[in-house]
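A short write-up of the structure that comes next.
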Amino acid sequence: DGGITQSPKYLFRKEGQNVTLSCEQNLNHDAMYWYRQDPGQGLRLIYYSQIVNDFQKGDIAEGYSVSREKKESFPLTVTSAQKNPTAFYLCASSLDGGLTGNTIYFGEGSWLTVV
Amino acid sequence: QKEVEQNSGPLSVPEGAIASLNCTYSDRVSQSFFWYRQYSGKSPELIMSIYSNGDKEDGRFTAQLNKASQYVSLLIRDSQPSDSATYLCAVKDYQLIWGAGTKLIIKP
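Residue numbers (the numbering used here), protein chains in the order written: chain A, 19 to 133; chain B, 59 to 166.
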């Protein structure tokens, strides 16, 4: 089945540690996104990529990094510079990231907790 | 600052009644409008997309768009307990802007 796979579903991070969240899609979508959601809040864009080897910062990119070496993969690293990383992280993709109204589809999400 | 506004709720509706969810947006050039449903602890899933003024129906769901007044709404007919969730409105011109969502509770 086509879809977006995020792993791990639950992750615990110690202070000062970098962690990487995996996101893989087999929908042949060009555009991929990372969102952060805090309890009771809406979605905030961290990074997005419209094409392989290119990505742009979203509204809250500080303390995060990404790569897009393959069309199918868009991993997110939460660095130690992100002081309050506890949140629900959502990876998403769309056919393209342009002005068309292409629908965004989401993975199942990853819960990150600082311990 | 482009904004999408939703009443956070909770909106409580009796089972079998019509639930009406509203969303207003600030950017007049927005072209695409989406409603997503999100169950607690889960990722959002698309319910409806709408691009032109008027109504769009899909089963028990109807999306209504009024670009002149800059609002989009979602009606859920014959509400079921399984409709209890948070409903997110998203509006797009060159980027997708999300509302914070309305929590809907369907009372049996």
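For glycine and all other residues, C-beta sits at the position ideal for the given N, C-alpha and C.
Ranked by how close their Cα comes to the Cα of B:L132, the residues B:S140, B:E61 and B:G112 have B:G112 in first place. Contact check for A:W52 and A:V84: beta-carbon distance about 7 Å, within the 8 Å limit, so the pair qualifies. Each residue's CA atom was taken as its position, placing B:I163 and B:S70 some 5 Å apart. Distance from the CA of B:N124 to the CA of B:V130, rounded to the nearest whole angstrom, comes to 6 Å. In this structure, the beta-carbon distance from A:P57 to A:S128 does not fall below 9 Å.
The beta-carbon of A:F106 is placed less than 9 Å from the nearest beta-carbon of chain B. Of all C-beta pairs linking the segment 145-155 of chain B to the segment 87-101 of chain B, three or more are shorter than 8 Å, placing the two stretches in contact. At a C-beta separation below 8 Å, B:P102 has these neighbours in chain A: L61, L108 and F124. In the structure shown, B:S142 falls within a coil segment according to DSSP collapsed to helix, strand and coil. For A:K101, no beta strand (DSSP E) encloses it, and the DSSP letter there is neither H nor E. With fewer than 16 neighbouring CB atoms inside 10 Å of its own CB, A:T131 falls in the exposed class. For A:G58, the nearest beta carbon of chain B is closer than 9 Å to its own beta carbon. For B:S66, the nearest beta carbon of chain A is closer than 9 Å to its own beta carbon. When the Cα atoms are used, A:N71 and A:F92 turn out to be separated by approximately 10 Å. Judged by their CB atoms, B:I105 and B:Y94 are nearer to each other than the 9 Å cut-off. By the CB criterion at 9 Å, A:Q74 and A:Y65 fall inside the cutoff.
The alpha carbon of A:L108 has as its nearest neighbour, out of B:G99, B:K165 and B:S78, the alpha carbon of B:G99. Counting only residues of its own chain and dropping the five nearest sequence neighbours on each side, A:C41 has a CB closer than 8 Å to the CB of I22, T23, Q24, M50, W52, S91, F92, P93, L94, C109 and G125.
Residue range E103 to I108 is occupied by the beta strand (DSSP E) that includes B:I108. Chain B places no beta carbon closer than 9 Å to that of A:G21, leaving this residue out of the contacts. Between B:D141 and A:K89, the alpha-carbon positions lie close to 35 Å from each other.
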